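Data block below; observations after.
Residue numbers (the numbering used here), protein chains in the order written: chain A, 1 to 355; chain B, 1 to 567.
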C-alpha cells in the first residue's frame, strides 16, 4: 500500500525561528528520496512534519492524494500509517525483538501478526533472534530490527532519520545498499534524512539538498555533483574550488588555465566574468602536459592523493591523483584540464569561497 | 506494499483530522488543574492576609511578630552554619582522602536523614535533662546534689535546637557537596597545586568556590526543613514563626492571623527558593562537560587519619547510632505499654494517609511529566513548574492555605444543605482526611515529579515517535512503552513521598480530623506529656521507614562508584 507523497510549500516555526521555509517536493509511489543538508538546515523538521509531529505554519502535506496536514488541522501521527526509523534505533528495551517488530501489528489477529513478524525477521536476516532483547544485538542488527518494525504494518510511507549515522563506515555503506534493495523489492515509498552525502548518494533516487529551511536543489545524485544549480550545493556536495573565468562562447569558458569547452548551461552573455566550478576529478595529473602547478598541500586517501595546487595567480585547485603518483610538497605537478560540465556562477552574485 | 505481507491494510482515510484550534486536551487540562490546586494555598493566604476578617497586623507587629522573626532568623542562621560546616567538611574528607572506614562513612553519613528533628529533640532532651542519665552520672561521680551545684548546658534552648537540627539536616549539604567535589575535574586542583597552593588553600580557593552552587542548593533544602519544623521548636518553647502560627490559629482561633504569619513565612520561602534556583542555574556552568580524571584520594597517616575518622564518625554516632540505640532500648523495654490497640490504629492511620498520598502523588507526577513531553510550549512548562513549588512551603503554611478554600467550600455546601434540605452537611473536606491528603500531595508532589521526570528523561523522544507512528495514541504509548520503563522511578517516588508523609508533623497536627492520630502526632503528644519512652515504638517505626529511601540513596551512591570503576 505504498503511496505517493506531496509536500506542498510547507513552513514550520519553533518558538522564535523558522525551521522550514516554503519547502515543496513530490514523490511517486515507490520512490526513495533523501533530504541532505548540514545540521540545523530543517531536514529533520520536514520529516517530523510529514510524520505529524510538527504543526505547519504554511502549506499542506498530502499522502495518497489525501491532505493529512495543513495549517489548521493535522491527522495524528498514530493514524497516518507511516513507519519511522531513528538514528538511535528507538527499540523498546523491555520487549524482545519479536515483540518489537509486532508492536505495530495490534490491528491484526495474533496469528497474522506472528506470521508477519516471522516474514520480516526472515527478510532482514535475523530469524534466529526473535527472543533476544535489543541490548543483546549489535548496532547493525538493532537497525535491521528497527527497519523490520517500521515495515511490518505495511506503511504507506517510510521515514528514516539519520538511520546509519550511529554505525561504522563499513557497515553503513553495506546496510545502506541492503536497505535500498529491500525497499525497492517491497516497493515502499521512503524519505531518508542525512547529513552524509555518501548515505544520500548510496540510497536516494532523488536527493534534496537543504539549506536554511528550504530545498536548494531536488535532483538525481549525479546531477547534484556535476550540475549544481547553486553555489551552496556546489560547495556542500563533493570537493571543489571556484576559478575566476570569463564566458568565451556558448560552450566555452576562459580561465588562467586556458579555454575549457563542454556543456555550458547559462544565459549569461559572452564576456561575463564568472566563477567556474572545478572538481578534483576535473584536474588530471599528466607529466607530459605543458601546464603545471606547485603542490601546496596533499592528503593521503588510500587509493589516491588529493593535492592542493597553487596556480600562478595564487588561486588554488584540487586534483585527485592515484596514490602511486607520490609527489612531495613544493614540487611542480603536470596537470591537464578535463571539465565536461561547465558550472558557472556570475561574479557579482553571492559567493562562498572554498577553503 | 505487497499484500502477501499485509493481512489487512489499515486505511488512513477512516480517521478524522484533529482540529489544531482545540488545544485543550485532557492532558493539558489535567496539568493546568494541578498547577492551579498547587497555587491555591498561596493565593488563599495572600488573600486572607490582605483582607483579614479581623485585622491583627497592628497587634502582631507591636507584640509577637518581631520575636518570631528574630527567632526564626536566628534558628535559620545557626542551622545554616551548622549544616554548612558539617556537610562540607565531611564531603571534602570523603571525596579527597583515604582514612579508616571511609568507604562506609560515604553512605553512613546519610543515615541521620532518617530521623525527624522532633524525634531527635525528644531523645536528647531525655538524655541530657536534669533527671537524665548523663547529668545523673555526673552528679554521682562528683557528688553534686542540686542543679545549682554545677553548670550544664540546657538542651531546650536555641543553641540546642540549632545543634540538633543541624545534626539531622546536614546530609542535604553533604550529598550535594560530595557530588560536586567528585564531579570536579582533578586537573583543576592539580593546576592549583602546581601553581604553589597547598591542599588547604586549594580547597579554599578552587574546590569550594566551584562547589558553591551545589552547596547553596543543599543549604537551601536544609533551611526549608528548618522553617518547616514545628515539633522541635514547640518542644523547646522557641517562638518561631511556625510556632507562632500554630499558637495564633489553635490557641487564639484566629485563622486570619495565622494567614498573616504564613504570608510572612512565604517571604522566607521566596528567599530560599531564590537561593536554590540561583544554585541550580550556576551549577550548570560550573560542571565540567567533558569526561575527567577522577581525583586520586590521598591516604592520610598518623593523627590526621584519626582526626578525619572522628570528624565523620561524630555526626553518624550522634545523629544516628546513639538515638537509634536509645529508641530500640525504650521500644523494647516499654513494648507492652506501647503496643496496644490505640497504637495499631495510629499506625494504620499513618499507613492509610501516607499510602494514599503517595499513590495520588505518583499518578499526578506521571500526568504532569507526560504532558510536558507531549507539549513543549511555555505555558505547559510554567504549569508544571508551579505544580512543584509546594516542597518549599512549610507544612503549617500549606495547612493554612488549604484550609481557607476548603472551609469556604464546606460552608457553601453546608449552607446549601441547610437551606434546601434542612440539615447540616458538616465539614465535608476540612473535617476529613481529604484536607490532609491534599496538603501532603501539594507538599510532596515535587519529589515525585522530580523522580518520574529524571526517569522519563532517560527514554529517548524517538521512542515516543516510534510508538506513535506504529499506531499507538498518546495514552497507549504511555501505558505500553513508558510505564514499564518508569517502574523504578515511580517506585522511588512513591517510597520517598510515603516516608515524608509518615514523618510529617506540622500540617498533620493542624489538619487531622477530630480524634484522628497518626504515629507522628502520637509521638508528639506523648513527648509533650513527658512520656518519651512510651512513644519510642512509634518513633522507631517512623525512623525505620525513613531509612528505606536513605538506603536507596546510598545504593545509588555505591552504584556510581561501581560505574566509575568500569570507566
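Note that the Cβ used here is the ideal one computed from N, Cα and C, for glycine as well. A quick note: this is a predicted structure, and the numbers were derived from the prediction, not measured.
- For a Cβ distance threshold of 8 Å, residue set 76 and 78 of chain A lies close to residue 473/B, ordered along the chain.
- Within its own chain, the residues whose Cβ lies closer than 7 Å to the Cβ of residue 197/A, once the five positions on either side in sequence are excluded, are 36 and 237, listed in chain order.
- By the Cβ criterion, the segment 483–501 of chain B is not in contact with the segment 464–473 of chain B, since fewer than three pairs of Cβ atoms, one from each stretch, lie closer than 8 Å.
- With a contact defined as Cβ atoms closer than 8 Å, residue 283/A and residue 243/A miss out at about 10 Å.
- As the crow flies, the alpha-carbon of residue 293/A is around 12 Å from that of residue 327/A.
- Secondary structure of residue 254/B (DSSP, three-state): coil.
- In terms of Cβ geometry, residue 493/B and residue 440/B do not form a close pair [threshold 9 Å].
- Between the alpha carbons of residue 121/B and residue 239/B lies a gap of roughly 16 Å.
- Around the beta-carbon of residue 475/B, fewer than 16 other beta-carbon atoms lie within 10 Å, marking it exposed.
- If the five residues before and after residue 75/B are omitted, its C-beta is found closer than 8 Å to the C-beta atoms of 158, 161, 162, 165, 226, 233, 238 and 240, all from its own chain and listed in chain order.
- Taking every protein chain shown into account, the CB of residue 337/B has fewer than 16 other CB atoms within 10 angstroms, so this residue is exposed.
- Taking CB atoms only, residue 444/B has no neighbour in chain A less than 9 Å away.
- In the three-state reduction of the DSSP assignment, residue 157/A falls in the strand class.
- Residue contact check for residue 259/A against chain B: no CB pair falls below 9 Å.
- Residue 269/B is positioned such that its CB atom lies no closer than 9 Å to that of residue 365/B.
- For the alpha helix (DSSP H) assignment, the uninterrupted runs of no fewer than 4 residues enclosed by the segment 60–113 of chain B are, from N- to C-terminal side, 65–96 and 102–108.
- By the criterion of a C-beta distance shorter than 6 Å, residue 47/A is surrounded in its chain by 159, 161 and 193, once the five residues flanking it on both sides are discounted.
- Only residues of its own chain outside the window of five on either side were considered, and among them 2, 3, 4 and 189 have a CB closer than 7 Å to the CB of residue 29/A, listed in chain order.
- DSSP places residue 106/A outside both helix and strand once states are collapsed to three, so it counts as coil.
- Closest by C-alpha distance to residue 272/A, out of 68/A, 339/A and 346/A, is 346/A.
- The Cβ atoms of residue 180/B and residue 213/B sit closer than 9 Å to each other.
- What residue 94/A touches in chain B, judged by beta-carbon distance under 7 Å, is 484 and 485, going in chain order.
- Contact check for residue 262/B and residue 546/B: beta-carbon distance about 27 Å, past the 8 Å limit, so the pair fails to qualify.
- Think of a sphere of 7 Å around the beta carbon of residue 104/A: the chain B residues whose beta carbon falls inside it are 470 and 471, in chain order.
- Only 460, 462 and 463 from the segment 448–463 of chain B bring a Cβ to less than 7 Å from some Cβ of chain A.
- Close partners of residue 466/B in chain A (Cβ separation under 7 Å): 84, 86 and 90.
- Within the segment 137–159 of chain A, those residues whose Cβ lies closer than 9 Å to any Cβ of chain B are, in chain order, 146, 149, 150, 151, 152, 153, 154, 155, 156 and 159.
- For the alpha helix (DSSP H) assignment, the uninterrupted runs of no fewer than 4 residues enclosed by the segment 341–381 of chain B are, from N- to C-terminal side, 341–374.
- Per DSSP, the beta bridge partners of residue 217/A are 209/A.
- The beta carbon of residue 26/A lies closer than 6 Å to those of 6 in the same chain, with the five residues before and after it left out.
- Listed along chain A are 92, 94, 95 and 103, each with a C-beta nearer than 9 Å to that of residue 481/B.
- For residue 231/A, DSSP assigns no beta-bridge partner whatsoever.
- Put simply, the CB of residue 378/B is near chain A, with a gap under 9 Å to one of its CB atoms.
- Taking the Cβ atoms as the reference, residue 231/A lies roughly 15 Å from residue 219/A, outside the contact range of under 8 Å.
- Counting along the chain, the unbroken alpha helix (DSSP H) around residue 159/B starts and ends at 158–183.
- Note on residue 383/B: 16 or more other CB atoms within 10 angstroms of its CB, so buried under the neighbour-count rule.
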